DNA sequence: GCGCAATGTCAACACCGTTAACATTGATGT
DNA sequence: ACATCAATGTTAACGGTGTTGACATTGCGC
């Protein structure tokens, strides 16, 4: 309808979908946070000022890009288990937590720049907005996984706030150390995930594993 | 001897200790990573080019500043317990881990910009250098604390690499979530530290608490 | 098919990191 | 004491950056 069939810019005065193109080009850059608007624009055969028809500022573009990244992360979480389907049994509940941890680690591994953008100073506001939107977010999965551990009897008591804090901290921390190239956190994602999840389970009171 | 008594720059052609002054001014800035050399220099009543007599580049200055920050963090760790004095008993060994966690959290709380500088993309090389220097570093304390838990009988087996990874991840992650303004990690430092350490202990196999 | 809002261009501003050429200075050796 | 020289500062300039205002082109809705 409105979108020209070509997304690449030929000699046309109007690009067609510059907003999306800018975000995609930025996401494709190896060093997201250090790209320049001018470089980005000229790479798309467009003037730098054109970007300001779509974003208030460079920061606004990065914030929007962070939102895209949060969406990607959430999608990875969604691929690990269905938020609305309760875990069938203890084994499945534990597997969900494990898959979640591995997804977290893998995302950090594959997109470290995006990871830093999401959890760096820029996107604090972006994350806050994503949270108060009400819709299920990436923040819904970890609590759900813990709840599943309870309903399947892996843990005896409903997960306390401290359990969520602890679990989240551990998974997030392992990913952060990985992005930071800290030696202790390198190695196979599956291995790190297993080491960490095993101890998380013990930490929140899952006995007899 | 060589240093003029005044550290503030009066009309003198030579500043006296510009290198230190630049680092201090940068550390005092509210948003370390986004300061400009020119602003920094002009704030000290000095030309921007003067900074290049002391640092190869802006990045080099930030790297050096990160090294300073790592030193400060290490000092906080050193204040929690003596690396060379073994823990007297189980209670003391546990208290050491707790104080370490709280120190970690407090540092992140009080100097979030420095925290980001240290663990961000810039200082990867800096941290690597600090590690291979051989001297005791901030990376020595967590392993030592875990070892203390073993020697005092809190845990039955010597700490495995996975135990270090797990403990480090959790503490680091809690601090990172805090810096990132994630709601679950806010609240009193002592409380967050206690919640997290309690579960870490369980996670690494400390029973009967 | 006219007109207007959307979307682009161009030119300019102030600022930035960085460098080269030059200036001042404090310490050092005789 | 004094010349010398390395250390440390200055100024001027380069190319690059984010951002803005004035103007140009275009496609969609009446």
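Chains as they are written, first to last, in my numbering: chain R, 1029 to 1237; chain V, 1029 to 1237. Built from N, CA and C at the ideal position, the CB exists for glycine as well. Owing to the predicted nature of the structure, the values given are computational and were not obtained by experimental measurement.
- prompt: Does the beta-carbon of residue 1081(R) have 16 or more other beta-carbons within 10 angstroms, so that it is buried, or is it exposed?
  reply: The residue you call residue 1081(R) lines up with position 53 of the first chain. Exposed, since its Cβ has fewer than 16 Cβ neighbours within 10 Å.
Element boundaries [alpha helix (DSSP H), containing residue 1047(R)]: Here residue 1047(R) is taken as the residue at index 19 of the first chain, counted from 1. Counting along the chain, the alpha helix (DSSP H) containing residue 1047(R) begins and ends at 1046-1056.
field: Contact set for residue 1096(R): own chain, Cβ-Cβ below 7 Å, skip 5 residues either direction
entry: As a position in the first chain, residue 1096(R) is number 68, starting the count at 1. These residues qualify, in order along the chain: 1051, 1055.
- request: Please state whether DSSP places residue 1232(V) in a helix, a strand or coil.
  value: Within the second chain, residue 1232(V) is the residue found at index 204, counting from 1. Coil, per DSSP.
- prompt: Quick one: any contact between the region 1161-1181 of chain V and the region 1116-1123 of chain V, if contact means 3 or more CB pairs under 8 Å?
  reply: yes
- request: With DSSP as the reference, label residue 1140(R) as helix, strand or coil.
  value: Within the first chain, residue 1140(R) is the residue found at index 112, counting from 1. DSSP places residue 1140(R) in helix when its eight states are reduced to three.
- request: Given a cut-off of 9 Å, decide if residue 1220(V) and residue 1204(V) are closer than it, judged by their beta-carbon atoms.
  value: The residue given as residue 1204(V) occupies position 176 in the second chain. The residue given as residue 1220(V) occupies position 192 in the second chain. Contact: no.
task: Starting from the beta carbon of residue 1231(R), find every residue of chain V whose beta carbon is closer than 7 Å, and list them in chain order.
output: By 1-based counting over the first chain, the position of residue 1231(R) is 203. Going along chain V in sequence order, the residues near residue 1231(R) (Cβ under 7 Å) are 1227, 1228, 1230, 1231.
message: So that I know if they touch, is there some Cβ in chain R lying closer than 9 Å to that of residue 1157(V)?
response: Along the second chain, one-based indexing puts residue 1157(V) at 129. Output row for residue 1157(V): interface = no.
message: Below 9 Å on C-beta distance, what does residue 1144(R) contact in chain V?
response: Within the first chain, residue 1144(R) is the residue found at index 116, counting from 1. Here the neighbours are 1148, 1149.
Residue from 1053(V), 1167(V), 1043(V), 1134(V) with nearest C-alpha to residue 1214(V): If you number the second chain from 1, residue 1214(V) lands on position 186. Minimum Cα distance to residue 1214(V) is reached at 1134(V).
query: If we ignore side chains and look at the alpha-carbon of each, how far apart do residue 1158(R) and residue 1047(V) end up?
result: What you label residue 1158(R) is simply residue 130 of the first chain in a count that begins at 1. What you label residue 1047(V) is simply residue 19 of the second chain in a count that begins at 1. One C-alpha to the other measures close to 43 Å.
- prompt: Does the beta carbon of residue 1168(R) come closer than 9 Å to any beta carbon on chain V?
  reply: On the first chain, position 140 is the one that residue 1168(R) refers to. Answer no: the Cβ-Cβ gap between residue 1168(R) and chain V never drops below 9 Å.
task: Output the distance between the C-alpha atoms of residue 1181(V) and residue 1116(V), rounded to the nearest integer angstrom.
output: Taking the second chain and counting its residues from 1, one reaches residue 1181(V) at position 153. Taking the second chain and counting its residues from 1, one reaches residue 1116(V) at position 88. Using only the alpha carbons, I get a separation of about 11 Å.
message: Among 1167(V), 1140(V), 1067(V), 1200(V), whose alpha-carbon lies nearest the alpha-carbon of residue 1106(V)?
response: In the second chain, the residue the question calls residue 1106(V) occupies position 78. The shortest C-alpha separation from residue 1106(V) is found at 1167(V).
message: So with CB distances below 9 Å, who are the chain V contacts of residue 1192(R)?
response: The sequence position of residue 1192(R) within the first chain is 164, counting from 1. Those within 9 Å of residue 1192(R) in chain V are 1212.
message: For residue 1044(R) and residue 1223(V), I'd like the C-alpha separation in whole angstroms.
response: For the purposes of this step, residue 1044(R) is identified with residue 16 of the first chain, where counting begins at 1. For the purposes of this step, residue 1223(V) is identified with residue 195 of the second chain, where counting begins at 1. If I take the Cα positions, the gap works out to 53 Å.
- prompt: Should the region 1065-1080 of chain V be called in touch with the region 1132-1152 of chain V, which here means at least 3 C-beta pairs below 8 Å?
  reply: no
- request: Using three-state DSSP, classify residue 1034(V) as helix, strand or coil.
  value: Here residue 1034(V) corresponds to residue number 6 of the second chain, with the count starting at 1. Residue confidence for residue 1034(V) is low, a pLDDT of 41 falling below 50, so the modelled location carries little weight and cannot support an answer.
Beta-carbon spacing of residue 1197(R), residue 1197(V) below 9 Å: As a position in the first chain, residue 1197(R) is number 169, starting the count at 1. As a position in the second chain, residue 1197(V) is number 169, starting the count at 1. Yes, Cβ-Cβ distance for residue 1197(R) and residue 1197(V) is below 9 Å.
task: Please go through the region 1062-1124 of chain R and give each complete alpha helix (DSSP H) segment of 4 or more residues, from N-terminal end onward.
output: 1065-1071, 1086-1108
- prompt: Should residue 1235(R) go down as buried or exposed, given a rule of 16 or more other Cβ atoms within 10 Å for buried?
  reply: Here residue 1235(R) refers to the residue found at position 207 when the first chain is read from its first residue. By the 10 Å Cβ count, residue 1235(R) comes out exposed.
Member of 1126(V), 1059(V), 1092(V) whose CA lies at the smallest distance from the CA of residue 1150(R): To locate residue 1150(R), count along the first chain from 1; it is residue 122. The option with the nearest alpha carbon to residue 1150(R) is 1059(V).
query: If we call anything under 9 Å between Cβ atoms a contact, is residue 999(V) one with residue 1089(V)?
result: In this structure chain V extends from 1029 to 1237, so residue 999(V) is not present and cannot be described.
Other residues of its chain near residue 1232(R): CB distance less than 8 Å, five sequence neighbours each side excluded: For this step, residue 1232(R) is matched to residue 204 along the first chain. The residues are 1174, 1177, 1183, 1187, 1191, 1194, 1195.
- prompt: Is the shortest distance between the beta-carbon of residue 1095(V) and the beta-carbons of chain R less than 9 Å?
  reply: For the purposes of this step, residue 1095(V) is identified with residue 67 of the second chain, where counting begins at 1. No, residue 1095(V) lies away from the interface with chain R (no Cβ there is under 9 Å from its Cβ).
- prompt: So which residues of chain V does residue 1070(R) contact, with C-beta pairs closer than 7 Å?
  reply: By one-based count along the first chain, residue 1070(R) stands at place 42. None at all; the shortest Cβ gap to chain V is about 24 Å.
Residue-chain proximity (residue 1082(V), chain R), Cβ-Cβ < 9 Å: Walking along the second chain from the start, residue 1082(V) turns up at place 54. Taking Cβ atoms only, chain R never reaches closer than 9 Å to residue 1082(V), which makes this a no.
message: Rounding to the nearest angstrom, what Cα-Cα distance links residue 1230(V) and residue 1199(V) in this structure?
response: Indexing the second chain from 1 puts residue 1230(V) at position 202. Indexing the second chain from 1 puts residue 1199(V) at position 171. Computed Cα separation, rounded: 14 Å.
- request: Answer yes or no: do residue 1209(R) and residue 1144(V) have a C-beta to C-beta separation smaller than 9 Å?
  value: The sequence position of residue 1209(R) within the first chain is 181, counting from 1. The sequence position of residue 1144(V) within the second chain is 116, counting from 1. No, these two residues do not count as a Cβ contact at 9 Å.
- request: Could you tell me whether the Cβ of residue 1131(R) comes closer than 9 Å to any Cβ of chain V?
  value: Start at 1 with the first residue of the first chain, and residue 1131(R) comes out as number 103. No, because no Cβ of chain V sits closer than 9 Å to the Cβ of residue 1131(R).
query: How is residue 1222(R) classed by DSSP in three states: helix, strand or coil?
result: Residue numbering aside, residue 1222(R) sits at position 194 when the first chain is read from its first letter. Three-state result, residue 1222(R): helix.
task: Find the nearest neighbour of residue 1206(R) within the set 1042(R), 1226(R), 1130(R), 1108(R), judged by alpha-carbon distance.
output: Working through the first chain from its first residue, we reach residue 1206(R) at position 178. If we check each option's Cα against that of residue 1206(R), 1130(R) comes out closest.
- prompt: What is the DSSP secondary structure of residue 1186(R), counted as helix, strand or coil?
  reply: Counting from 1 along the first chain, the entry for residue 1186(R) is found at position 158. Coil at residue 1186(R), not helix or strand.
- request: For residue 1063(R), I'd like the list of residues in its chain whose CB is within less than 7 Å of its CB, leaving aside the five on either flank, ordered along the chain.
  value: Start at 1 with the first residue of the first chain, and residue 1063(R) comes out as number 35. Excluding positions up to five away in sequence, the list reads 1054, 1057.
- prompt: Under the three-state reduction of DSSP, which class applies to residue 1059(R): helix, strand or coil?
  reply: As a working mapping, residue 1059(R) is identified with position 31 in the first chain. In this structure, residue 1059(R) counts as coil in the three-state DSSP scheme.
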